[in-house]
Amino acid sequence: MRKTLARVLLAMSFVAIAAEARAQYFGRNKVQYRTFQFQVLKTEHFDLYYYPEEKDAAALVGRLAERWRARLGRFFDHELRGRQAVILYAAAAHFRQTNAVEGLLGEGTGGVTEALRRRIVLPMGGSLADTDHVLGHELVHAYQFDMTGNTERMSDGSFPAILTFPLWFVEGMAEYVSLGPVDAQTAMWVRDGVISE
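Okay, so the sequence shown: first residue is 740 according to my numbering, each after it adds one.
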């Protein structure tokens with residue numbers, strides 16, 4: 740009787756502490772249709788990861804990134820620590836397959852900046868202006884993470900303090916700095932939000 744009870748308790752404890760099996764959620768896993776052979780383009784301050792068919796685009800994004808870094812350095816009166824990694828995809832469908840960030844990326848996601856490693860991941864936009872805007876937006880997040888976190892504190896796995904700020908502030912600052920004070924599309928969203936709420 741005691742052996743049976745001990746076995747039952749042991750089995751129940753294993754069930755209670757078992758981690759969630761992510762593979763059991765059919766249709767919610769990130770499918771990779773292709774393996775990308777990334778190369779690295781080094782600029783003065785950036786490491787741009789790209790695959791061969793987007794070599795020309797990577798060179799252009801490198802120039803845009805250096806321009807944004809100079810502009811944001813003056814705006815924030817801060818220089819980014821270390822080199823900034825940018826992982827570039829040629830299309831949004833390729834971007835959604837990335838392993839650089841965990842979880843699924845929605846169709847409306849234009850780019851992502853990781854909090855801990857500060858990597859920027861983005862696809863080339865529909866136009867050069869779109870790509871430039873998203874790159875600037877994500878670099879603002881890189882500055883936010885760099886300014887509110889330090890490597891000594893973050894080495895233990897803690898996150899930058901900017902993540903405790905309200906999302907409207909974090910994203911609002913990124914949009915404001917990357918677009919400027921007057922933008923017709925942003926004004927439309929604000930009007931819609933005021934009317935809808």
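The C-beta atom is built at its ideal place from N, Cα and C for all residues, glycine as well. Because the structure is a prediction, the values reported are computed rather than measured.
According to DSSP, residues forming a beta bridge with residue i
i      : result
Lys781 : Asp786
Thr852 : Ile859
Close Cβ partners of residue i (< 8 Å) along its chain, the five nearest in sequence each way excluded
i      : result
Ala830 : Pro862 and Met863
Phe898 : Ala854, Leu855 and Gly888
Own chain, CB closer than 7 Å to residue i, minus 5 neighbours either side, in chain order
i      : result
Ile901 : Gln883, Phe884, Thr887 and Val909
Tyr812 : Looking at the sequence shown, residue 812 is not Tyr but Gly. Counting only Cβ-Cβ distances below 7 Å, and skipping sequence neighbours, we find Glu818.
Thr925 : Glu914 and Leu918
Ala868 : none
Arg761 : Confidence at Arg761 is low in this model, with a pLDDT of 49, below 50, so the placement of that residue is unreliable and no value is reported for it.
Phe815 : Tyr882 and Met886
Arg822 : His784, Phe785 and Asp786
Distance CB(residue i)-CB(residue j) smaller than 7 Å
i      : j      : result
Thr807 : Gly875 : The question names Thr, yet the displayed sequence has Trp at residue 807. In this structure, Gly875 lies closer than 7 Å to Trp807 by Cβ.
Tyr788 : Val779 : yes
Gly691 : Val873 : There is no way to answer for residue 691, as the model of the chain reaches only from 740 to 936.
Val825 : Ala839 : no
Ala797 : Phe785 : no
Val879 : Val929 : no
Chain-order list of residues whose beta-carbon lies under 6 Å from that of residue i (same chain, five-residue window excluded)
i      : result
Arg857 : Ala881 and Phe884
Glu793 : Ala829
Gln776 : Tyr790
Thr782 : Gly801 and Glu805
Burial state of residue i, where buried means 16 or more other Cβ atoms lie within 10 Å
i      : result
Thr703 : No statement about residue 703 is possible, as the shown extent of the chain runs from 740 to 936 and does not include it.
Phe834 : buried
Thr852 : buried
Glu877 : buried
Leu827 : buried
Cβ-heavy atom distance, residue i to the ligand SAH, below 6 Å
i      : result
Gly850 : Ligands in the displayed structure: none, and consequently the ligand SAH is not present.
Legend entry - Ordered list of alpha helix (DSSP H) runs contained in the stretch 795-843, each at least 4 residues: 831-834
Legend entry - Length at least 3, wholly inside the stretch 883-935: the beta strand (DSSP E) runs in chain order: none
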